[in-house]
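Asks: Residue numbers (my numbering), protein chains in the order written: chain A, 1 to 156; chain B, 1001 to 1263.
Virtual Cβ for every residue (Gly too), placed ideally from N, Cα, C.
No experiment lies behind these values; they were computed from the predicted model shown.
Pasting in a structure now, in C-alpha cells, and then I'll have a few things to ask.
Laid out in C-alpha cells, this is it:
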C-alpha cells in the first residue's frame, strides 16, 4: 500500500507492506538513531514523535503513520545536541544504545513540562530502560539542563 | 510473528463489523499486545477514522471512545477531578508514556486481560461498555462474557456521587501488577474491584453493610477479610496465591480508608 507522511519535515510517499513497523520504515529512510531494543514495547529505545507525541515505533504500523508527522532525533539535532551535552557531562550515556530514545522522551517531557520535579522526571522516563547507568547520571544531567534553561530564561 | 496482508481503515462501524465477522480478520487497537501474537491476519481493521478518539463529558456521564489512548484518559482533567486522581493512579504505572500514547481504551477493555489496571478501575466506577451489536452492558458483566466478533465502541462512566481510590503492587516499576485494587463509595454503598489475581478483575459489593458509616480501620479490615474470602487467587511467576490473598487484605484496607467516609 502507498503511504504519504512527513518525516523530519520532509513529505515522502512510499509503498509499504501492511505489517511493516514504523521502526523499520524510518531506519530504511536512514534514521539510524532509532534503535530496536526489546521489540516488546517496553524499553523505549525506538521512541519517535508521532504528531509531536512520543510513541514506540516498534509498535506502530508504518501504514498507520499515513497522513501524519513523524520526527526522529535526526530531525531534532540542535535540540538533541544541546540537551545531550548535559547527559555526556555526567558520563551518563555509557554504552549509548539507549541514549537516542531517552533523549527523545526527555525532549517530549520538556515540551510538556518546562520545570518537572524529580518525581515527574522519573515517572515520565519510566518507559526508557538503561542497563548500564542506574539512571542517576541521567537524572543529574536532566536536572542540570533544566537549571541551565531556567537561568538562560532569566538572562533573556 | 504476526503477518498482516492488508490494513483497512473502516469508514463506518458497519463496515468494521462486517469485516470482523471473518475469523481471519482482526480489529486493532494500539497494537501493543496484538503485535506480540502469532498468526496471519488477512485484513487488520483500523477504527482510527471513526472519530472514536474523544472523551465526551456531560452532566451525567463520561463517554470514552474506543480509540482514546490511555494517556488521554490519564491526562483528562474532568476524569481526574471526578475520580479524585484514582484514574491517573491506575494508569500512570503502565509501562511508559510512549506506551500509553499508543495503548487504547478499547484494546485494553475488549481484551479483558487479567493484569489490566484499566478493567479494574472501570469496574469500580460502574462503567458500561457500548458494543456495536450487543448494546450497552455493565463492564462487570462484559468481563465474564466469551470473546465474540462484536466491536467495542465506547466505555461509558456514569457520574454519581463518588469517592474513589486505587492501589496496586508491582515487583518492579512498569511491570505487570501482582495485584490491582480499586475502591468506590457511592450512595448505594462501597464496592471493591480486584484484578491481576492473576485472573481478570472481579467486583465485591458490600452487601452485608460491613462498611456502615463512619468507616473505621476495623470495619475496613473486616471487609478486606470478606473480600479475600470471596475472591479466588492463583499463583504465577509474579506471586503465589497465598501472597495475593494477603495483598487483597492489605490493599483493600488502604483503598477503603482512602475513600474517607469517616464523617
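How should residue 1232(B) be labelled, buried or exposed, when 16 other C-beta atoms within 10 angstroms of its C-beta is the threshold for buried?
Replies: Taking the second chain and counting its residues from 1, one reaches residue 1232(B) at position 232. Residue 1232(B) comes out exposed.
Asks: Would residue 106(A) and residue 142(A) be called neighbours here (beta carbons separated by less than 8 Å)?
Replies: Against the first chain, residue 106(A) aligns to sequence position 106. Against the first chain, residue 142(A) aligns to sequence position 142. Yes. Within cutoff.
Asks: With C-beta atoms as the reference, is residue 1257(B) less than 8 Å away from residue 1217(B)?
Replies: Here residue 1257(B) refers to the residue found at position 257 of the second chain. Here residue 1217(B) refers to the residue found at position 217 of the second chain. Yes, Cβ-Cβ distance for residue 1257(B) and residue 1217(B) is below 8 Å.
Asks: Let me confirm a value: residue 95(A) is counted as buried when at least 16 other C-beta atoms fall within 10 Å, else exposed. Which label applies?
Replies: Taking the first chain and counting its residues from 1, one reaches residue 95(A) at position 95. Classification for residue 95(A): exposed.
Asks: With DSSP as the reference, please indicate the residues paired to residue 1166(B) in a beta bridge.
Replies: Position 166 of the second chain, counting from 1, holds the residue named residue 1166(B). In the DSSP output, where bridge partners are listed per residue, residue 1166(B) has 1182(B).
Asks: With a threshold of 8 Å between beta carbons, is residue 147(A) in contact with chain B?
Replies: As a position in the first chain, residue 147(A) is number 147, starting the count at 1. Chain B contact via Cβ: absent.
Asks: By the 7 Å beta-carbon criterion, what residues does the stretch 1085-1096 of chain B contribute toward chain A?
Replies: Residues 1092, 1095 and 1096.
Asks: Listing by chain order, which chain A residues have their CB less than 8 Å from the CB of residue 1002(B)?
Replies: Looking up residue 1002(B) in the second chain gives position 2. Under the 8 Å cutoff, chain A gives 19.
Asks: Answer yes if the stretch 1072-1089 of chain B comes into contact with the stretch 1137-1153 of chain B, meaning at least three C-beta pairs across the two stretches below 8 Å, and no otherwise.
Replies: No contact exists between the stretch 1137-1153 of chain B and the stretch 1072-1089 of chain B.
Asks: Using a Cβ-Cβ distance under 8 Å, would residue 42(A) count as near chain B?
Replies: Start at 1 with the first residue of the first chain, and residue 42(A) comes out as number 42. Interface residue, yes.
Asks: Looking at the unbroken beta strand (DSSP E) that takes in residue 1138(B), where does it start and where does it end?
Replies: Locating residue 1138(B) in the second chain gives position 138, where the first residue counts as 1. It spans 1135-1138 - the beta strand (DSSP E) in which residue 1138(B) sits, taken as one unbroken run.
Asks: Exposed or buried, what is residue 1263(B) when buried is set at 16 or more other beta-carbons lying within 10 Å of its beta-carbon?
Replies: Stepping through the second chain from its first residue, residue 1263(B) is reached at position 263. Legend: pLDDT at residue 1263(B) = 45, less than 50; position of this residue unreliable, value from coordinates given subsequently. It counts as exposed.
Asks: Can you name, in chain order, every residue of its own chain whose Cβ lies under 6 Å from the Cβ of residue 102(A), other than the five neighbours on each side?
Replies: Against the first chain, residue 102(A) aligns to sequence position 102. For residue 102(A), where only same-chain residues beyond five positions count, the Cβ hits under 6 Å are 128.
Asks: Please tell me whether residue 1253(B) and residue 1221(B) are closer than 8 Å, where the distance is taken between their beta carbons.
Replies: Counted from its first residue, the second chain places residue 1253(B) at position 253. Counted from its first residue, the second chain places residue 1221(B) at position 221. Yes, they are a contact pair.
Asks: Would DSSP call residue 1263(B) helix, strand or coil?
Replies: As a first step, residue 1263(B) must be located in the second chain, where it is residue number 263. Because the pLDDT at residue 1263(B) is just 45, under 50, the model does not fix this residue reliably, and the point stays unresolved.
Asks: Please name the residues in the stretch 32-63 of chain A whose beta-carbon is closer than 7 Å to at least one beta-carbon of chain B, in chain order.
Replies: Taking 7 Å as the Cβ-Cβ cut-off against chain B, the residues of the stretch 32-63 of chain A that qualify are 40, 41, 42, 44, 47, 53, 54, 55, 56, 59, 60, 61 and 63.
Asks: Expressed to the nearest angstrom, what Euclidean distance is found between the alpha-carbon atoms of residue 1276(B) and residue 1022(B)?
Replies: In this structure chain B extends from 1001 to 1263, so residue 1276(B) is not present and cannot be described.
Asks: Only counting the same chain, and skipping five residues up and downstream in sequence, which positions put a Cβ closer than 7 Å to that of residue 1013(B)?
Replies: Working through the second chain from its first residue, we reach residue 1013(B) at position 13. The answer, listed in chain order, is 1050, 1132, 1151 and 1153.
Asks: For residue 65(A) and residue 5(A), which I take to be in contact (beta-carbon distance under 8 Å), what is that distance rounded to the nearest angstrom?
Replies: Indexing the first chain from 1 puts residue 65(A) at position 65. Indexing the first chain from 1 puts residue 5(A) at position 5. Rounded, the Cβ-Cβ distance is 5 Å, consistent with contact.
Asks: So, do the stretch 119-136 of chain A and the stretch 1079-1098 of chain B have three or more beta carbon pairs nearer to each other than 8 Å?
Replies: Contact holds: three or more Cβ-Cβ distances are below 8 Å.
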